[in-house]
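Report on the following structure.
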Amino acid sequence: MARLKVTQLRSEIGTKHNQRESLRSLGLKRINDVVVKEDRPEIRGMIFKVSHLVKVEEVE
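Converting from the sequence shown to the working numbering requires adding 1082 to each position, the first position being numbered 1.
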């Protein structure tokens, strides 16, 4: 299964509550944090909510 490398690029300050919760659920706490998650629909949905705050790359 493919994996996604998610990097937080922008601050969560000034965002909506559900966007902050999506970042926390992904495991991102501060700028330049990086997590690797499996490519699943639930993860894709959380990334879509915060797509303006993160960078996503596929890794193997």
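No residue lacks a Cβ here, since even glycine has one placed at the ideal position from N, Cα and C.
Range of the contiguous alpha helix (DSSP H) that encloses residue i
{"i": "LEU1108", "result": "1099-1108"}
Cβ separation of residue i and residue j, assumed to be a contact under 8 Å, to the nearest whole Å
{"i": "GLN1101", "j": "LYS1131", "result": "6 Å"}
{"i": "LEU1091", "j": "LEU1135", "result": "6 Å"}
{"i": "LEU1108", "j": "VAL1117", "result": "6 Å"}
Candidates the options: closest to residue i by CA position
{"i": "ARG1106", "options": "GLU1142, GLU1140 and VAL1088", "result": "VAL1088"}
{"i": "LYS1119", "options": "HIS1134, GLU1142, ARG1092 and GLU1094", "result": "GLU1142"}
{"i": "HIS1099", "options": "VAL1117, ILE1113 and MET1128", "result": "MET1128"}
{"i": "ARG1122", "options": "LYS1111, ASN1114, LEU1110 and GLU1140", "result": "GLU1140"}
Buried versus exposed, by CB contacts within 10 Å (16 or more), residue i
{"i": "GLU1094", "result": "buried"}
Local conformation of residue i per DSSP, three classes
{"i": "PRO1124", "result": "Note on identity: in this sequence residue 1124 is Glu, with Pro being the wrong assignment. GLU1124 falls in the helix class under three-state DSSP."}
{"i": "LYS1111", "result": "coil"}
Boundaries of the beta strand (DSSP E) in which residue i is found, first to last residue
{"i": "ARG1085", "result": "1085-1090"}
{"i": "LYS1137", "result": "1136-1141"}
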